[in-house]
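Number of protein chains: 2
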Amino acid sequence: MSAEVETNTTMRAIVQRVSRASVTDYKTCVCVCVRACVRACVTVGEEQISSIGRGLCVLLGVSSEDTQRDADYMVRKILNLRVFEDPSGRSWSQSVMDRDLEVLCVSQFTLQCVLKGNKPDFHLAMPAASAQPFYNAMLDAMRSAYRAERIKDGKFGAYMQLHIQNDGPVTIELTSPCGSSDPRQMSKQRKEKTRSHSGRETDAPGSPQDPNASSRVDGGVSSERKL
Amino acid sequence: MSAEVETNTTMRAIVQRVSRASVTDYKTCVCVCVRACVRACVTVGEEQISSIGRGLCVLLGVSSEDTQRDADYMVRKILNLRVFEDPSGRSWSQSVMDRDLEVLCVSQFTLQCVLKGNKPDFHLAMPAASAQPFYNAMLDAMRSAYRAERIKDGKFGAYMQLHIQNDGPVTIELTSPCGSSDPRQMSKQRKEKTRSHSGRETDAPGSPQDPNASSRVDGGVSSERKL
């Protein structure tokens, strides 16, 4: 089957407004099965990695074409997106920073998905070696643009359980404009880029890249990455 | 400020692979405050609307331009998307139907978001009067293509808490190809459309439309919708 539909050439973030969110991984116990002579890996419980109260849960998918400008744009938009009400109850008027709320950000290479028939393929995601420093630099940029203790993270590349209490629900997709091939978006980007380097919104993450997609550089098709 | 970046002209679904998911709404108690002479609406607890075990949690955003073809495509892709491992542990090889798992589908007009600066605007979402029957027809199509008892729903248009245990995490964005203006997507759509009406994937939802976006038809700007 030929590739279809889901062409992704920009950074993507799925932003969920949450009442609370947390990330856990499984504590596992490698034990010897008494019946068969093989080892079995048994899940014995969950261990919390981090958690937030009210705020935003952000799933962030970095593409191989993303640059510093995409990172800058995305950090700015996440922190300034108006999805909270103001003290008088007016909806869509305040950002996570305005309300002094928290952000839980988790790397999610599966957002860089191209469907081949019904099978996801992730070759558009940024390769492993460069992805983790890129992502970490974005977290650092968020921390310095807002308050470090308000920005939480998962374990990069680990198999985790992400517990989300989506409040509303309210879910917004953000895409960075830099790599867009849509002419309508391109013209709008230019206006946005002109506006972007002033006031509270400015803050540049360091440098490039997402090893969530780590198995991709180890050969094999992109979709062989397990999660 | 002029509109920017997030142009959405197709149906959008955010599909999260979950260990479990549920929807609750708040039972509220309208009571009289003994200190001030005003009424206060107090949340006293949560009431579960529906829940699933392992499967998919789907947030579905219908646009005003969506047609029956978009609905058909999306139903087919959700049910056939290969995000589960097979019994031998091979990743990305089986669908929710292959594994006999569940789907929790919730309408989410906020996915049809255009940012105006940092403020979401939802004028691209399908208007209220037509959106609910459209969405309900999609649910019906999913139920008849799979098994009715495996497809769960929220309360359309209600303020809810959506509890998601994202397993991985694995999050895939699906967009229906019919309204795409990207030439690369258009050519791929044609191939897809040719393939689409055979085998397990076929199943057409009834007719059009999402009153989650209900306040939009009541005048005022789209972003005045509360959630």
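From first to last, the protein sequence lines stand for chains A and G. Mapping to this note's numbering: the first sequence position 112 is 112, numbers consecutive. Mapping to this note's numbering: the second sequence position 63 is 290, numbers consecutive. A virtual CB, placed ideally from N, CA and C, is assigned to each residue, including glycine.
Anything in chain G within Cβ reach of residue i, meaning under 8 angstroms, just list it in chain order.
i       : result
P120(A) : L308, R309, V310, W319, I399
Based on DSSP bridge pairs, tell me the residues matched to residue i.
i       : result
Q48(A)  : T24(A)
Q321(G) : F311(G)
S63(A)  : A125(A)
V245(G) : G282(G), N393(G)
A13(A)  : L60(A), L174(A)
Please list the partners that residue i has in chain G, where partner means a Cβ-to-Cβ separation under 7 angstroms.
i      : result
R69(A) : By Cβ distance, chain G contributes nothing, its closest Cβ being about 13 angstroms from R69(A), past 7 angstroms.
Listing by chain order, which chain G residues have their CB less than 9 angstroms from the CB of residue i?
i      : result
S88(A) : Per Cβ cutoff of 9 angstroms: no residues; S88(A) is ~12 angstroms from chain G at best.
What does residue i reach in chain A if we use C-beta pairs closer than 8 angstroms?
i       : result
R326(G) : Near R326(G) there are no residues of chain A at all, since even the closest Cβ is about 13 angstroms away, more than 8 angstroms.
Anything in chain A within Cβ reach of residue i, meaning under 7 angstroms, just list it in chain order.
i       : result
P396(G) : L59, V106, Q108, M160, L162
S322(G) : N118
Interface residues of chain A around residue i at Cβ under 9 angstroms?
i       : result
I305(G) : Those within 9 angstroms of I305(G) in chain A number zero; the least Cβ separation is about 10 angstroms.
Mind the definition here: the segment 281–298 of chain G touches the segment 240–253 of chain G only if three or more C-beta pairs lie below 8 angstroms; say whether that holds. Touching, yes, given that three or more Cβ pairs across the two stretches are closer than 8 angstroms.
Is it true that the segment 323–343 of chain G meets the segment 158–174 of chain A, where meeting means three or more beta-carbon pairs spaced less than 8 angstroms apart? Because the criterion of three Cβ pairs below 8 angstroms is met, the segment 323–343 of chain G and the segment 158–174 of chain A touch.
Return the residues of the segment 105–129 of chain A that lie within a Cβ-Cβ distance of less than 7 angstroms from chain G, sorted by chain order. The residues in question are V106, Q108, T110, L111, C113, N118, K119, P120.
Assess, as a yes-or-no matter, whether the segment 293–305 of chain G is touched by the segment 362–380 of chain G under the definition of 3 or more beta carbon pairs within less than 8 angstroms. At 8 angstroms Cβ cutoff, the stretches touch.
Proximal residues, the segment 364–392 of chain G versus chain A, C-beta separation under 7 angstroms: Only Y386, M387, Q388, L389, H390, I391, Q392 from the segment 364–392 of chain G bring a Cβ to less than 7 angstroms from some Cβ of chain A.
Of all the alpha helix (DSSP H) runs that stay within the bounds of the segment 103–184 of chain A, which reach a length of 4 or more residues? Taking only runs of at least 4 residues, the alpha helix (DSSP H) segments lying wholly in the segment 103–184 of chain A are 128–145.
Residues, ordered as in the chain, of the segment 46–62 of chain A that lie near chain G by beta-carbon distance below 7 angstroms: Within the segment 46–62 of chain A, the residues whose Cβ lies closer than 7 angstroms to any Cβ of chain G are, in chain order, L59.
Inter-stretch contact (C-beta, 8 angstroms, three-pair minimum) for the segment 377–397 of chain G and the segment 90–99 of chain A: Not touching, per the Cβ criterion.
The segment 8–19 of chain A: positions lying closer than 9 angstroms to chain G by Cβ: Contact annotation: in the segment 8–19 of chain A, residues whose CB is within less than 9 angstroms of a CB in chain G are N8, R12, I14, Q16, R17, S19.
Kindly confirm or deny that the segment 288–298 of chain G and the segment 344–360 of chain G touch, where touching means at least three C-beta pairs closer than 8 angstroms. Cβ pair count under 8 angstroms is three or more, so yes.
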